[in-house]
Amino acid sequence: MIKSNKNIVLLKYFQAKYVPALISGLALTLSFPDANFSYLAFFAMVPWFVSMQSMTSKESFYSGFIAGIFHFITLIYWIVPTLHEYGGLHPVLAVSTLILLCLYLSMYPGIFAYILKRMDANFLIAPIAAACIWTGLEYIRTYAFTGFSWGALGYSQYSNILLIQISDFSGVYGVSFIIVLINYLLSTLGLSFNKGQYKKHFFPIMYTAILCAAVIFYGSQKITILNSQIENALKPTLRVVQGNIRQDIKWSDEFKDQTLEKYIQLSHGEFNEAGSQKKPDLVIWPETALAFYYGFDKNRSNRVDKCVRQLKTNFLIGSPAFTTNGNQTKFYNRAYMLNYASIVTGTYDKNHLVPFGEYVPFGDYLTFLGKLTAQAGNFSSGDKTFAPLKFNSHNLKVTNNQKVTHKTGVLICFEILFPSIAARFVKNGADILITITNDAWFGNTSAALQHFSIAVFRAVETRRTIARAANTGISGFIDPVGKIYETTALFTDRSVTRQVPALTRISFYTKYGDIFAIGSIVAICMVFMVKGARKKFWKTV
1245 MIKSNKNIVL
1255 LKYFQAKYVP
1265 ALISGLALTL
1275 SFPDANFSYL
1285 AFFAMVPWFV
1295 SMQSMTSKES
1305 FYSGFIAGIF
1315 HFITLIYWIV
1325 PTLHEYGGLH
1335 PVLAVSTLIL
1345 LCLYLSMYPG
1355 IFAYILKRMD
1365 ANFLIAPIAA
1375 ACIWTGLEYI
1385 RTYAFTGFSW
1395 GALGYSQYSN
1405 ILLIQISDFS
1415 GVYGVSFIIV
1425 LINYLLSTLG
1435 LSFNKGQYKK
1445 HFFPIMYTAI
1455 LCAAVIFYGS
1465 QKITILNSQI
1475 ENALKPTLRV
1485 VQGNIRQDIK
1495 WSDEFKDQTL
1505 EKYIQLSHGE
1515 FNEAGSQKKP
1525 DLVIWPETAL
1535 AFYYGFDKNR
1545 SNRVDKCVRQ
1555 LKTNFLIGSP
1565 AFTTNGNQTK
1575 FYNRAYMLNY
1585 ASIVTGTYDK
1595 NHLVPFGEYV
1605 PFGDYLTFLG
1615 KLTAQAGNFS
1625 SGDKTFAPLK
1635 FNSHNLKVTN
1645 NQKVTHKTGV
1655 LICFEILFPS
1665 IAARFVKNGA
1675 DILITITNDA
1685 WFGNTSAALQ
1695 HFSIAVFRAV
1705 ETRRTIARAA
1715 NTGISGFIDP
1725 VGKIYETTAL
1735 FTDRSVTRQV
1745 PALTRISFYT
1755 KYGDIFAIGS
1765 IVAICMVFMV
1775 KGARKKFWKT
1785 V
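My numbering puts the sequence shown at residues 1245 to 1785.
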């Protein structure tokens, strides 16, 4: 009986000890779409940080892990309906997949908390060190094990135009840095006020205030400069087409003709009140808008070509593709660029594939896992040249009546998560970026807006307009400042036409990459090296 009571007391202690981490995890999720309480991100972690003060390093790891579990399960819950309804997985397997992914993702806040606890909390630059640890781990998560940066803290601020301008220097990691910096400072201030020791935090308060003021000042200056550049920039007219094709009928033979006809009709665009419209320089269809192999299915391919020739403009079209070499056949998730005569002028094959969605890692050994995209086979990656696709503008002329040629980088679906892909296209000459996707997999969940919000950062980082064509939404345009021009509603048949600026200057982030994030990792390593050296020195003395 005594032992039973002791266990109950320990359980209650355990539950109370980690409740703040749970609260922080849920508050972080509320700062992301669809909840959109973005301001919560700046103090959501405070309860967790405060609770860690009385914990051991091991307990701190557990608290970070718990915060991560509750955050990621509530943020990417949509994986379950995606896998069950569209992937055909049993509900138990779908839930198990979500849990396994969240267990992996939760290791990062767990490791963060452990490292943070090993650091001297009275260290004058402790808030900066905490921000560096988090930033470094987010960078690792972006690329480790094929990479999954969904839910990086900075993405919660996609609508905070002033703050996100630093992304053209630091990437999204700089925004995450500021968020953690403020959270950590607030947590230490709260503890110090209770102990009457707030004076010792004068220096951290000062440099945090200066850093935040500098970020806001930088943002306001950048917006002014970029608005001037946008006003004077060449502005091709783009049209994004949202076919709104349900995933459960997308690949059915009886619906393929209806799907194609819908895209053809929508490509003609919407007329204004005067009954006229401006001819687009480029019409954009979503990822795998064609539920057949373009060029191989002759009848349907001819209908696409006829539509292109009727509109007499350029088309970017998503389609599955394949190549055969002897007995070996490779499948690709491809984007075709067609000119006004329906001649293919360039193609891009998706390079960064979705693991277990478009291919199975270690497929020879994990064949039992299958794929979500069984209709199209096991995809292969395209080449890594990231060459932009060219198209001529009909509405813009230069000297000698020459047409203006634009170059666009095409990011297909999952690739929008990777800043390095967008940067490679821009360094290779892209003056516009396009992302095409099929978000029908997400159903009516928050995933569609979360996916869209990530594109805002690619626009700011590279200082390029992004046009987004999504099968069921959200489609629209984002300018180089990160301002969302226009978007479509989910699950609507729609086409949107707009003039967009084509800038050509290369941003610091595009040119030099993740110096800020890598520098954060180096800085933390140096801090612990110095700490270890000091301990060894004092022992020797």
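Backbone N, C-alpha and C fix where the C-beta goes; we use that ideal spot for every residue, glycine too.
So what's Ser1420 in DSSP terms, helix, strand or just coil? For Ser1420, the three-state secondary structure derived from DSSP is helix.
Work out the CA separation of Phe1316 and Val1588 for me, nearest whole Å. In this structure, the straight-line span from the alpha carbon of Val1588 to that of Phe1316 is close to 42 Å.
For Thr1273 and Gln1554, what's the separation of their Cα atoms in angstroms? The alpha-carbon atoms of Thr1273 and Gln1554 are separated by roughly 47 Å.
Between Cys1346 and the rest of its own chain, which residues show a CB-CB distance below 8 Å, the 5 nearest in sequence each way excluded? So the qualifying residues of the chain are Gly1312, Ile1313, Phe1316, Ile1317, Ile1320.
Give the C-beta separation of Ala1288 and Ser1275 to the nearest angstrom, bearing in mind that I take them to be a contact with Cβ-Cβ under 8 Å. So it is a contact: roughly 6 Å between Cβ atoms.
Give me whichever residues DSSP pairs with Ile1528 in a beta bridge. Answer is Val1484, Leu1560.
Buried or exposed for Met1581, please, with buried defined as at least 16 other CB atoms from any protein chain shown within 10 angstroms of its CB. Per the 10 Å Cβ criterion, buried.
Write down the C-beta distance between Gly1380 and Ile1680 rounded to the nearest angstrom, noting that I regard them as a contact closer than 8 Å. Not really, about 32 Å apart at Cβ, beyond 8 Å.
Exposure of Ala1458, with buried meaning 16 or more beta-carbon neighbours within 10 Å: Exposed, since its Cβ has fewer than 16 Cβ neighbours within 10 Å.
Less than 7 Å between the beta carbons of Phe1309 and Ser1350, yes or no? Yes, they are a contact pair.
Using 8 Å for Cβ pairs, my map puts Ser1739 next to Val1485. What's the rounded Cβ distance? That pair is a contact at about 5 Å.
If distances are taken between C-alpha atoms only, which option among Asn1595, Phe1623, Val1548, Val1324 comes closest to Tyr1584? Closest in alpha carbon position to Tyr1584, among Asn1595, Phe1623, Val1548, Val1324, is Val1548.
By DSSP, does Met1581 sit in helix, in strand, or in coil? Secondary structure at Met1581: strand, using DSSP grouped into helix, strand and coil.
Determine, using beta-carbon pairs with one atom in the segment 1725-1734 and one in the segment 1353-1362, whether at least three such pairs fall under 8 Å. Contact between the segment 1725-1734 and the segment 1353-1362 is absent: fewer than 3 CB-CB pairs across the two stretches fall below 8 Å.
Does the separation of the CB atoms of Arg1668 and Phe1630 fall below 7 Å? One thing to note: Arg1668 has its Cβ within 7 Å of the Cβ of Phe1630.
How big is the Cα-Cα spacing for Cys1769 and Gly1763? One Cα belongs to Cys1769, the other to Gly1763, and the distance between them is close to 10 Å.
Compare the Cα-Cα distances from Thr1503 to each of Leu1534, Thr1481, Leu1734 and report the closest residue. If we check each option's Cα against that of Thr1503, Leu1534 comes out closest.
Of the listed residues Thr1468, Lys1466, Tyr1383, nearest to Phe1421 (C-alpha basis): Per the C-alpha coordinates, the member of Thr1468, Lys1466, Tyr1383 positioned closest to Phe1421 is Tyr1383.
When you compare the CB positions of Asn1672 and Gly1626, do they come within less than 7 Å of one another, or not? Against a cut-off of 7 Å, the Cβ pair of Gly1626 and Asn1672 comes out as no contact.
In this structure, how does DSSP classify Gly1354 when only helix, strand and coil are distinguished? Helix, per DSSP.
Return the CA-CA distance between Ser1281 and Ser1690, expressed in angstroms with no decimal places. At residue 1281 the sequence reads Phe, which differs from the Ser that was named. Answer to the nearest angstrom: the Cα atoms are 14 Å apart.
Answer with buried or exposed for Tyr1576, where buried requires no fewer than 16 other C-beta atoms within 10 angstroms of its C-beta. By the 10 Å Cβ count, Tyr1576 comes out buried.
If you reduce the DSSP assignment to three classes, tell me which class Thr1689 lands in. Note: Thr1689 maps to coil in three-state DSSP.
Got a sec? Which residues, its chain only, sit under 6 Å from Leu1342 by beta carbon, not counting five neighbours each side? The residues are Ile1323, Val1324.
Determine the DSSP secondary structure at Phe1309, reduced to helix, strand or coil. Looking at Phe1309 - three-state DSSP - the assignment turns out to be helix.
Specify whether the segment 1425-1433 and the segment 1715-1723 touch according to this definition: at least 3 beta carbon pairs, one from each stretch, less than 8 Å apart. Touching, no.
Applying the criterion that 16 or more other CB atoms from any shown protein chain within 10 Å of the CB defines a buried residue, is Lys1466 buried or exposed? Buried, because 16 or more other Cβ atoms sit within 10 Å of the Cβ of Lys1466.
In angstroms, rounded to a whole number, what distance separates the CA positions of His1512 and Val1263? Cα-Cα distance, rounded: 56 Å.
So the beta strand (DSSP E) Gln1743 belongs to, where does it begin and stop? Taken as a continuous stretch (DSSP letters only), the beta strand (DSSP E) holding Gln1743 covers 1738-1743.
Could you say which of Phe1752, Arg1708, Trp1685 lies nearest to Glu1329 if we only look at CA atoms? Comparing alpha carbon positions, the residue from Phe1752, Arg1708, Trp1685 closest to Glu1329 is Trp1685.
By DSSP's criteria, Tyr1592 is part of a beta bridge. Which residues make up the other side? Looking at the DSSP assignment, Tyr1592 forms a beta bridge with Ala1579.
So what's Ile1678 in DSSP terms, helix, strand or just coil? Here Ile1678 sits in strand by DSSP.
Own chain residues within Cβ distance below 8 Å of Asn1471, not counting five before or after: Around Asn1471: Val1725.
Bounding residues of the alpha helix (DSSP H) (the contiguous stretch that carries Val1383): Here the sequence assigns Tyr to residue 1383, which means Val is not the residue at that position. Tyr1383 -> alpha helix (DSSP H) spans 1370-1387.
Strictly by DSSP, which residues pair up with Lys1651? Listed as beta-bridge partners of Lys1651 by DSSP are Lys1634.
Are Leu1677 and Ile1710 touching if we call contact CB-CB under 7 Å? It is a contact, given that the beta carbons lie within the stated cut-off.
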